[in-house]
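Chemist:
Spelled out as structure tokens, the structure:
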């Protein structure tokens with residue numbers, strides 16, 4: 001039997017805002033170029049929106065960080081609305 005040696009981030013650790021922004025930008029680029037199926041893009045956006053919503057709702061999140069996550073959340077919602085039409 002082998003042990004799982006995958007490094008686990010400490011609980012409560014949030015991904016950097018830049019990583020989430022890069023993920024959203026990548027999905028947006030793929031949608032614009034037609035390189036991703038609409039359903040796949042919607043699934044990724046759903047996950048991003050849920051994750052960002054959880055961060056924004058965290059009472060321990062500092063206010064300066066909250067505004068960045070809120071901006072990304074709004075951008076993700078706008079992209080989802082674009083896909084829905």
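In the UniProt record's numbering, the protein residues as written are 1 to 85. Glycine included, C-beta positions come from ideal geometry on N, C-alpha and C. Note that the structure is predicted; figures quoted are calculated from it, not measured.
1. Give me the Cα-Cα distance between residue 30 and residue 63, rounded to the nearest whole angstrom.
2. With a threshold of 16 other CB atoms inside 10 Å of the CB of residue 9, please say whether the residue is buried or exposed.
3. Looking at residue 42 and residue 87, is the spacing between their C-beta atoms short of 8 Å?
4. Within this structure, are the beta carbons of residue 65 and residue 24 separated by less than 8 Å?
Modeler: Straight from the coordinates:
1. Here residue 30 corresponds to residue number 30 of the chain shown, with the count starting at 1. Here residue 63 corresponds to residue number 63 of the chain shown, with the count starting at 1. Roughly 32 Å between the two C-alpha positions.
2. On the chain shown, residue 9 is found 9 positions in, with the first residue counted as 1. In this prediction, residue 9 has a pLDDT of 47, which is less than 50 and means its spatial position is unreliable; what the coordinates show is noted afterwards. Answer is exposed; the Cβ neighbour count stays below 16.
3. The requested residue 87 does not occur in the structure, where the chain is confined to residues 1 to 85.
4. Counting from one through the chain shown, the residue named residue 65 turns up at place 65. Counting from one through the chain shown, the residue named residue 24 turns up at place 24. Their beta carbons are not under 8 Å apart, which means residue 65 does not touch residue 24 by this criterion.
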